[in-house]
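S.K.: Quick one: structure below, then a few questions.
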Amino acid sequence: MTNETVEPAEELVRFDRVTKRFRTARGKRQTALDGFSMRIPRGSIVGLLGPNGSGKTTALKALLGLVRPDGGTITAFGHRLPAGQRFIAARMGALIEGPAFTGSLSGEHNLRLLAELHGAGRDAVTEALELVGLTQDGHRPYSGYSLGMKQRLGVAGGLLPSPDLLVLDEPMNGLDPEAVRDMRSLFSRLRDERGMTIVVSSHILAEVELVCDRVTIVRHGSVICDEPVDQLLAHQPTRVVVRVEDVAAARSALEEGAHTVTPAVGAQGPELHIMTTTSSPLITRLLADRGIYPHEVRLEQPSLEDAYIAAIHKADEALA
Ligand SMILES: Nc1ncnc2c1ncn2[C@@H]1O[C@H](COP(=O)(O)OP(=O)(O)OP(=O)(O)O)[C@@H](O)[C@H]1O
Ligand SMILES: [Mg+2]
166 MTNETVEPAE ELVRFDRVTK RFRTARGKRQ TALDGFSMRI PRGSIVGLLG
216 PNGSGKTTAL KALLGLVRPD GGTITAFGHR LPAGQRFIAA RMGALIEGPA
266 FTGSLSGEHN LRLLAELHGA GRDAVTEALE LVGLTQDGHR PYSGYSLGMK
316 QRLGVAGGLL PSPDLLVLDE PMNGLDPEAV RDMRSLFSRL RDERGMTIVV
366 SSHILAEVEL VCDRVTIVRH GSVICDEPVD QLLAHQPTRV VVRVEDVAAA
416 RSALEEGAHT VTPAVGAQGP ELHIMTTTSS PLITRLLADR GIYPHEVRLE
466 QPSLEDAYIA AIHKADEALA
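Note that my numbering numbers the sequence shown so that position 205 is 370, with each residue one more than the last.
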């Protein structure tokens, strides 16, 4: 899709201190977004992470104009919402809180109806089915689809407007491992070959780590981390895993050396885990000085899961 308006070169979307409170059925106020600030750089795949109820879906709905914030600003494609909603709606494709299709119609028929709404042709339907790997099953009634197939058809629906920005709320839900891998490579292709920007909420951290360029972590409606995945991981301490005969002696030696040591059980027996920025030779030396010679000392690179848990704990400590 062409773009005639002036837009920031790097930033496609910016949430700036967005707040949203819902009124619950009992008349109470439920804060869903609390000063939520996030940026989505153009041409990136951004993972939106956070515990259940932290505000991910609400944030995505606010971007799509399905929820109206009480405060703060959302700017997308250089347009401030809600005024620019109609303009940006034409440039976004979305799957939010599961797809809504008609059960008695085939997957393809459902997509054709959706395509009409977007002014897209049959070719777009054929291509979308192909991209999500549903060409063979397109003729089958939607009611007979498995959970993963429904999810994939939902993503195909999001692709129909040939969007610049694809907004997907937990698209990996219910997919088998092969389909997860296919979805991951689809995201990379859409970014690399079509320059698409994708924001995807997920609880599957290993997948997010593999496919996302950037992560935004939400806690109680506020963003506690918004940075490139590489940068986030580079700031994490490395885990040194030590396998020794005398675990107690090794533990006290390491603790005397001011390390925080966590006992664990690995595939080959008891282990000690040390989160450290120190190099492993120093740890080996601390042990050797006490006459302890480990069977194994190995480094485990920090994962996104480590970084996520550390960020959540840090935010909890700040609140306590
Ligand atoms: N329509 C609504 N009415 C009342 N409260 C709502 C409504 N929608 C969301 N909330 C509340 O807002 C908070 C954020 O919900 P949201 O669905 O955005 O979380 P989430 O991060 O997407 O969670 P999950 O990981 O479970 O999908 C929750 O406390 C939720 O109960
Ligand atoms: Mg949600």
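Don't be surprised by glycine CBs; every beta carbon is placed ideally from N, CA and C.
Remember, predicted model here, so these are calculated numbers, not experimental data.
On the three-state DSSP scale, how would you describe residue 241?
M.R.: Strand at residue 241.
S.K.: Which runs of the beta strand (DSSP E) spanning at least 3 residues fall entirely within the region 408 to 474, listed in chain order?
M.R.: Segments of the beta strand (DSSP E) lying fully in the region 408 to 474: 426 to 431, 434 to 441 and 461 to 465.
S.K.: For the alpha helix (DSSP H) containing residue 252, name the first residue and the last one.
M.R.: 250 to 254 is the span of the alpha helix (DSSP H), which, as asked, contains residue 252.
S.K.: Would the C-beta of residue 217 count as close to ligand 1, meaning under 7 Å from any of its heavy atoms?
M.R.: Yes - ligand 1 has a heavy atom lying nearer than 7 Å to the Cβ of residue 217.
S.K.: Can you tell me the Cβ-Cβ gap for residue 386 and residue 240, rounded? I've got them flagged as a contact below 8 Å.
M.R.: So it is not a contact: roughly 19 Å between Cβ atoms.
S.K.: At which residue ranges does the region 249 to 309 contain complete alpha helix (DSSP H) runs of 4 or more residues, listed in the order of the chain?
M.R.: Those alpha helix (DSSP H) runs which fall completely within the region 249 to 309 and span 4+ residues are 250 to 254, 272 to 283 and 287 to 296.
S.K.: Could you spell out where the beta strand (DSSP E) holding residue 195 opens and where it closes?
M.R.: Where residue 195 is concerned, the enclosing beta strand (DSSP E) stretches over 194 to 206.
S.K.: Roughly how many angstroms lie between the CA atoms of residue 198 and residue 475, to the nearest whole one?
M.R.: Whole-angstrom Cα-Cα distance: 22 Å.
S.K.: Ends of the beta strand (DSSP E) at residue 188?
M.R.: Segment 176 to 188, the beta strand (DSSP E) holding residue 188.
S.K.: Could you give the DSSP three-state label for residue 233: helix, strand or coil?
M.R.: Coil, per DSSP.
S.K.: Tell me which residues share the same chain as residue 468 and place their Cβ nearer than 7 Å to its Cβ, disregarding the 5 neighbours each side in the sequence.
M.R.: 374.
S.K.: Rounding to the nearest angstrom, what Cα-Cα distance links residue 258 and residue 205 in this structure?
M.R.: Each residue's Cα considered, the two are about 15 Å apart.
S.K.: When the Cβ atoms of the region 206 to 219 are set against those of the region 381 to 396, are three or more pairs found closer than 8 Å?
M.R.: At 8 Å Cβ cutoff, the stretches touch.
S.K.: Please report the distance separating the alpha-carbon of residue 302 from that of residue 263.
M.R.: When rounded, the distance between both Cα atoms is 19 Å.
S.K.: Can you tell me where the alpha helix (DSSP H) with residue 347 in it begins and where it stops?
M.R.: Counting along the chain, the alpha helix (DSSP H) containing residue 347 begins and ends at 342 to 359.
S.K.: Tell me the DSSP secondary structure of residue 171 in three-state form.
M.R.: Low confidence applies here, because residue 171 scores a pLDDT of 46, under 50, leaving its location unreliable and the question unanswered by this model.
S.K.: Let me know the secondary structure DSSP gives residue 370 once reduced to three states.
M.R.: Reduced to three states, the DSSP call for residue 370 is helix.
S.K.: Let me make sure I understand the geometry here. Which of 292, 432, 441 and 389 has the alpha-carbon closest to that of residue 482?
M.R.: Nearest of 292, 432, 441 and 389 to residue 482, Cα basis: 389.
S.K.: Near residue 416, what residues of its chain come up, given a Cβ to Cβ distance below 8 Å and the 5 sequence neighbours on each side ignored?
M.R.: Excluding sequence neighbours, residue 416 sits near 426, 428 and 437.
S.K.: Would the C-beta of residue 366 count as close to ligand 2, meaning under 7 Å from any of its heavy atoms?
M.R.: Because some heavy atom of ligand 2 lies under 7 Å away, the Cβ of residue 366 counts as near it: yes.
S.K.: Would you kindly work out how many angstroms separate the C-alpha atoms of residue 325 and residue 272, rounded to a whole number?
M.R.: Taking the straight line joining both Cα atoms gives about 13 Å.
S.K.: Under 7 Å Cβ to Cβ from residue 360, same chain only, skipping five residues before and after it: list those, please.
M.R.: So the list reads 208, once near-sequence residues are dropped.
S.K.: Within the continuous beta strand (DSSP E) that includes residue 225, where are the two ends?
M.R.: Premise fails: residue 225 lies in the alpha helix (DSSP H), 221 to 228, not in any beta strand (DSSP E).
S.K.: Report all residues from its chain with a CB closer than 8 Å to the CB of residue 414; omit the five preceding and five following residues, and keep chain order.
M.R.: Closer than 8 Å at Cβ, skipping near neighbours: 455 and 457.
S.K.: Quick one: is the Cβ of residue 221 within less than 7 Å of any heavy atom of ligand 2?
M.R.: For ligand 2, at least one heavy atom lies less than 7 Å from the Cβ of residue 221.
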